[in-house]
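For the sequence shown, counting from 1, position 66 maps to 66 in full-length UniProt numbering; every step adds exactly one.
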Amino acid sequence: MSSEFVACRQRALPMRGKLMDELPTPSVRSDDSGRADEREHDADLREAALDTRERAVEAGESAQAGRDQENQAILAAADERDRAADGRDAVADERDKAASLESFLRDADYSPGHKARMSAGMDRVDSKDDRLSAADDRSNLTRDDLVRPEPDDD
Numbered sequence: 001m002s003s004e005f006v007a008c009r010q011r012a013l014p015m016r017g018k019l020m021d022e023l024p025t026p027s028v029r030s031d032d033s034g035r036a037d038e039r040e041h042d043a044d045l046r047e048a049a050l051d052t053r054e055r056a057v058e059a060g061e062s063a064q065a066g067r068d069q070e071n072q073a074i075l076a077a078a079d080e081r082d083r084a085a086d087g088r089d090a091v092a093d094e095r096d097k098a099a100s101l102e103s104f105l106r107d108a109d110y111s112p113g114h115k116a117r118m119s120a121g122m123d124r125v126d127s128k129d130d131r132l133s134a135a136d137d138r139s140n141l142t143r144d145d146l147v148r149p150e151p152d153d154d
């Protein structure tokens with residue numbers, strides 16, 4: 001026999017042979033008030049757990065919004081560096097072209113043209129560094145690890 005059946009039978013034994021009017025009604029039973037209190041307590045615990053989960057979800061959403069803003073700022077800075085690099089590349093191309101044409105069109109000393117080409121080349125190196133830095137910032141946003149690697153000094 002199951003334990004529930006035994007418990008139910010033991011509760012029913014004292015009521016054998018009594019008239020229906022003598023049996024306690026559900027509102028009179030003393031053990032029902034304890035069960036109601038227990039159910040109310042369980043409901044309070046479930047409600048408290050639900051409130052805790054709701055607060056955790058709200059905190060997570062707030063943190064995600066903060067991370068989204070930070071990511072947007074990183075992307076905006078990377079785009080700005082790309083625009084600056086594009087501008088420097090255009091200027092470098094014009095200077096390099098002008099210096100190259102000047103060196104071919106006249107038989108003068110090559111040192112001014114050489115200096116202009118070197119300056120244009122240095123601008124291209126700076127542009128390349130900015131593009132690499134912007135690309136690294138974008139790729140760091142997609143990494144799964146939380147610790148960002150330190151930039152190389154190369």
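We put the beta carbon where it would ideally sit given N, CA and C, even for glycine.
The Cβ atoms of Ala-92 and Arg-53 do not sit closer than 8 angstroms to each other. A direct Cα-to-Cα measurement between Asp-44 and Ala-73 gives close to 44 angstroms. Residue burial annotation: Ala-85 is buried, with at least 16 other C-beta atoms found within 10 angstroms of its C-beta. Between Arg-95 and the set Val-57, Met-122, Arg-39 and Glu-70, the nearest pair of CA atoms involves Met-122. Arg-81 places its beta carbon less than 8 angstroms from that of Ser-133. DSSP, reduced to helix, strand and coil, places Thr-52 within a helical segment of the structure shown. By the neighbour-count definition (other C-beta atoms within 10 Å, threshold 16), Asp-51 is an exposed residue. In this structure, DSSP gives Arg-143 a state outside helix and strand, which the three-state scheme calls coil. Put simply, of Gly-87, Arg-39, Glu-47 and Leu-75 the residue whose alpha carbon is nearest the alpha carbon of Lys-128 is Gly-87.
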